[in-house]
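In this note's numbering, the protein residues as written are 9 to 420.
A virtual CB, placed ideally from N, CA and C, is assigned to each residue, including glycine.
Written out below as structure tokens is the structure these notes cover.
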Ligand SMILES: Cc1cc2nc3c(=O)[nH]c(=O)nc-3n(C[C@H](O)[C@H](O)[C@H](O)COP(=O)(O)O)c2cc1C
């Protein structure tokens with residue numbers, strides 16, 4: 009295209025519009041004359057799977073690229089969300105920028121930067137001139153995910169991280185509001201923990217997708233395993249005691265997370281919700297052979313709560329949850345049978361009749377007769393009744409403020 013045919017786009021406008029398209033941040037590295045060389049690129053892209061090709065676009069006139077192009081092999085290091093300092097170091101036009109940077113040579117000889125998310129080992133195949141940039145096409149000879157963390161992103165001239173949809177980290181303000189409501193249950197939570205010698209907690213919703221542990225207490229030999237403010241996903245089967253008494257939109261949203269390929273399972277959860285709503289309690293059981301599965305469930309929930317989930321890890325957490333649903337299958341507790349109970353959860357209704365929070369007891373003794381388990385359920389129901397009366401009285405305004413805020417902020 010000659011100059012006369014060109015559409016004139018103001019460079020600032022070009023940058024402004026293109027800045028609305030986020031990119032990852034990678035460092036392309038190589039060794040030239042025995043020295044490591046590297047440059048930050050936001051233009052790294054996958055090109056072809058067969059044959060495996062990737063590309064990036066150095067600026068024409070980049071002195072770093074002029075050197076790097078001499079490297080026999082390259083490594084593309086995909087930076088993680090917590091590698092902003094490394095990015096800044098690598099983006100400056102300085103010869104000593106590898107000073108103090110941790111790296112090891114790849115099998116092809118290019119620098120592999122420590123703690124990057126992924127590494128792509130490649131060699132230049134062709135270089136195409138494209139206006140004021142080069143398009144460098146590289147043949148991939150090896151690649152690996154070294155650290156499955158969330159990547160560093162560049163957007164509108166600033167850096168940020170990634171929040172998977174539906175699992176987005178929420179502002180702390182929501183946690184504070186939830187904790188204030190949960191605090192109404194504190195006397196009952198403390199009483200339950202000391203009477204039953206277990207862990208007791210009140211969990212409050214912070215979004216249509218998450219509950220949080222707003223208050224907890226520990227009695228007997230129970231130890232703290234779930235810190236306050238921990239996010240608990242509303243993904244079936246987790247949260248059924250809350251969802252069973254929630255608005256129909258919340259129920260449908262929860263069921264939708266089962267996945268479109270399992271219509272039978274959706275119906276199974278729907279009837280279970282009806283049973284939980286009718287009985288006013290949800291139980292999870294830990295059979296003797298299921299302790300390690302239960303442990304996996306706890307690890308998955310802790311990983312969820314860490315807030316560093318990538319979509320791939322989110323899918324892994326969901327898979328663990330789906331595999332552990334058998335914990336939640338049992339509803340009838342027979343007085344003379346023995347049970348290993350994982351958790352007992354009862355809803356606490358607000359003045360508007362909707363579930364405002366749930367009370368939960370865990371770390372209960374194993375192998376207990378059903379009549380003891382039924383006693384726990386009664387204790388929990390009594391405690392929930394006390395909290396409900398408190399919400400109608402002193403805490404009523406708080407509960408309805410919370411509900412207004414919740415519905416206003418999370419329209420569904
Ligand atoms: C987030 C980010 C993305 C960048 N992307 C590119 C890119 O795709 N191509 C490029 O030539 N330079 C890019 N740069 C600039 C170079 O990393 C670096 O500043 C430059 O190579 C240093 O100047 P020099 O090449 O003249 O030595 C980027 C810088 C940052 C911070």
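Is residue i near ligand 1 - that is, is its Cβ less than 6 Å away from at least one heavy atom of it?
i, result
"residue 50", "yes"
"residue 72", "yes"
"residue 331", "no"
"residue 88", "no"
"residue 133", "no"
"residue 138", "no"
"residue 164", "no"
"residue 68", "no"
"residue 124", "no"
"residue 34", "no"
"residue 101", "yes"
"residue 365", "no"
"residue 65", "yes"
"residue 47", "yes"
Tell me, please, which residues DSSP counts as bridged to residue i.
i, result
"residue 302", "Answer is none; residue 302 lacks a bridge partner."
"residue 56", "61"
"residue 182", "Answer is none; residue 182 lacks a bridge partner."
"residue 422", "Missing from the structure shown is residue 422; the chain here goes from 9 to 420 and no further."
"residue 368", "209 and 353"
"residue 166", "163"
"residue 31", "162"
"residue 377", "346"
"residue 67", "141"
"residue 38", "45"
"residue 293", "349"
"residue 84", "36 and 128"
At the 7 Å Cβ level, is residue i part of the contact set with chain D, yes or no?
i, result
"residue 277", "Judged by its chain identifiers, the structure shown contains no chain D, having just a single protein chain."
Do residue i and ligand 3 come close, with the Cβ less than 6 Å from some heavy atom?
i, result
"residue 218", "Among the ligands present in this structure, namely ligand 1, ligand 3 is not found."
Residue ranges of each alpha helix (DSSP H) run of no fewer than 4 residues wholly in the region 196–278, ordered along the chain? Restricted to the region 196–278, the alpha helix (DSSP H) segments that are unbroken, complete and at least 4 residues in length are 248–251 and 256–264, listed in chain order.
Between the region 116–127 and the region 185–202, do three or more beta carbon pairs fall short of 8 Å? Touching, no, given that fewer than three Cβ pairs across the two stretches are closer than 8 Å.
Any 3 or more C-beta pairs closer than 8 Å across the region 41–49 and the region 130–138: In this structure the region 41–49 does not touch the region 130–138; the number of beta carbon pairs closer than 8 Å is below three.
Does the region 216–230 come into contact with the region 272–292, if we say contact requires no fewer than three beta-carbon pairs (one atom in each stretch) closer than 8 Å? No contact exists between the region 216–230 and the region 272–292.
Taking the runs of the alpha helix (DSSP H) that are 4 residues or longer, which of them lie wholly in the region 88–157? Runs found: 92–99.
Taking contact to mean 3 or more Cβ pairs, one atom from each stretch, closer than 8 Å, check whether the region 391–398 and the region 347–358 are in contact. A contact exists between the region 391–398 and the region 347–358.
Does the contact criterion of 3 or more C-beta pairs under 8 Å hold for the region 81–91 versus the region 152–162? Using a Cβ-Cβ distance cut-off of 8 Å, the region 81–91 and the region 152–162 are in contact, since at least three pairs of beta carbons, one from each stretch, lie closer than that value.
Check whether the region 276–283 touches the region 237–252, counting contact only when three or more Cβ pairs, one atom from each stretch, lie closer than 8 Å. With a cut-off of 8 Å, the region 237–252 and the region 276–283 count as touching, because enough Cβ pairs lie within range.
Indicate whether the contact test is met: 3 or more Cβ pairs, each with one atom in the region 56–67 and one in the region 100–107, closer than 8 Å. Because the criterion of three Cβ pairs below 8 Å is not met, the region 56–67 and the region 100–107 do not touch.
May I ask you to verify whether the region 302–312 touches the region 232–245, counting CB pairs closer than 8 Å and requiring at least 3? Contact holds between the region 302–312 and the region 232–245, because three or more Cβ pairs, one in each stretch, are under 8 Å apart.
Are there three or more Cβ pairs, one per stretch, closer than 8 Å when the region 344–353 is compared with the region 361–379? Yes, since at least three Cβ pairs between the region 344–353 and the region 361–379 fall closer than 8 Å, the two stretches touch.
Would you be able to state if there are at least three C-beta pairs under 8 Å between the region 114–122 and the region 22–34? Contact between the region 22–34 and the region 114–122 is absent, because fewer than three Cβ pairs lie under 8 Å.
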